[in-house]
Amino acid sequence: MTPAKAECLADAHELLTTVRPAACVFDFDGTLVDTCTINTDAARATLAELGLAVPEPWLREAPLADLTALRHWLRAELSLSLPCTDAEFVARARSHWLARTSLVRPVTRVTALARHLAAAVPTAVASANDGQVVRAGLAAVGLADLFHVLVAREHVTRLKPAPDAYLLAAAQLAVAPHRCLAFENTDEGVSAARAAGMPVIDVRHSDWTVQGPPRRAAT
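To convert a position in the sequence shown, counted from 1, into this note's numbering, add 135.
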């Protein structure tokens with residue numbers, strides 16, 4: 136057994152015996168797979184199709200998943216307007232993203248852990264990305280059949296940091312949110328999971344400490 140595999144088995148064993156989740160819910164972009172470059176490239180190509188040229192540093196920081204926020208950033212910082220509906224932007228970006236699927240790479244520690252956890256408890260993906268994109272990305276790294284439930288942007292009214300995606304994933308798994316364990320890689324995602332009442336691990340940190348939901352104020 137390789138050291139990496141032994142570490143993964145130890146991680147899975149510790150979580151299953153200490154946290155004892157009844158289900159696990161994973162974010163997609165940056166948590167299960169590295170899609171930063173693909174997301175940026177797809178957004179750049181989409182904006183160019185729409186006649187909008189934006190600086191590369193700006194694009195790397197822009198809220199690409201939240202189109203309401205993206206429109207605001209374009210207006211406030213670049214005096215530009217997005218000349219299409221949200222649905223058209225998503226469809227165009229999806230086409231560019233799918234053409235780059237071969238560039239998807241797994242986040243090895245997380246995907247290895249997901250495989251072990253999926254053998255013990257039901258698992259789901261809760262993403263702010265497009266469902267077709269998520270399914271293609273999972274297939275590209277061999278995870279297409281691992282997850283029982285997939286919640287994407289088209290399935291919820293509010294994106295992260297709202298808790299909607301995590302609440303829907305828990306409901307579809309038929310597991311109470313507080314009995315799920317979420318995995319995230321952004322502040323917005325961590326906030327979304329905690330707002331849903333889920334304990335969450337921020338995979339950006341090497342020490343995977345479980346953060347509990349925020350405590351409710353006493354009444």
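Using N, Cα and C, we set each Cβ at its ideal position, and we do this for glycine too.
Note that the structure is predicted; figures quoted are calculated from it, not measured.
Find the nearest neighbour of residue i within the set the options, judged by alpha-carbon distance.
{"i": "ALA331", "options": "ASP342, ALA306, ALA275", "result": "ALA306"}
{"i": "ARG250", "options": "CYS159, VAL269, SER262", "result": "CYS159"}
{"i": "PRO296", "options": "VAL154, CYS219, ASP201", "result": "ASP201"}
{"i": "ILE336", "options": "THR321, GLU323, ALA317, ALA327", "result": "ALA317"}
{"i": "GLU191", "options": "ALA204, THR203, ALA177", "result": "ALA177"}
{"i": "ASP169", "options": "ALA204, HIS148, ASP221, SER237", "result": "SER237"}
{"i": "SER341", "options": "GLU319, LEU281, HIS290, LEU194", "result": "GLU319"}
On the DSSP bridge list, what partners appear for residue i?
{"i": "PHE161", "result": "VAL260, PHE318"}
{"i": "GLN307", "result": "In DSSP, GLN307 forms no bridge with anything."}
{"i": "ILE336", "result": "PHE318, VAL345"}
{"i": "ARG240", "result": "ASP169"}
{"i": "LEU248", "result": "Looking at the DSSP assignment, LEU248 forms no beta bridge with any residue, so it has no partner."}
{"i": "LEU285", "result": "VAL260"}
Measuring only the C-alpha atoms, how far is residue i from residue j?
{"i": "GLU212", "j": "LEU151", "result": "46 Å"}
{"i": "VAL293", "j": "LEU209", "result": "Per the sequence presented here, residue 293 reads as Arg, with Val not at that position. Between ARG293 and LEU209, the C-alpha separation is close to 21 Å."}
{"i": "PRO312", "j": "THR175", "result": "32 Å"}
{"i": "ALA157", "j": "ALA309", "result": "10 Å"}
{"i": "PRO349", "j": "VAL325", "result": "11 Å"}
{"i": "ASP146", "j": "ALA304", "result": "23 Å"}
{"i": "THR243", "j": "LEU278", "result": "12 Å"}
With a Cβ-Cβ cutoff of 8 Å, do residue i and residue j count as a contact?
{"i": "LEU187", "j": "PRO241", "result": "no"}
{"i": "PHE161", "j": "ASN264", "result": "no"}
{"i": "VAL189", "j": "PRO334", "result": "no"}
{"i": "GLN267", "j": "ARG235", "result": "no"}
{"i": "ALA275", "j": "VAL239", "result": "yes"}
{"i": "CYS143", "j": "ALA300", "result": "no"}
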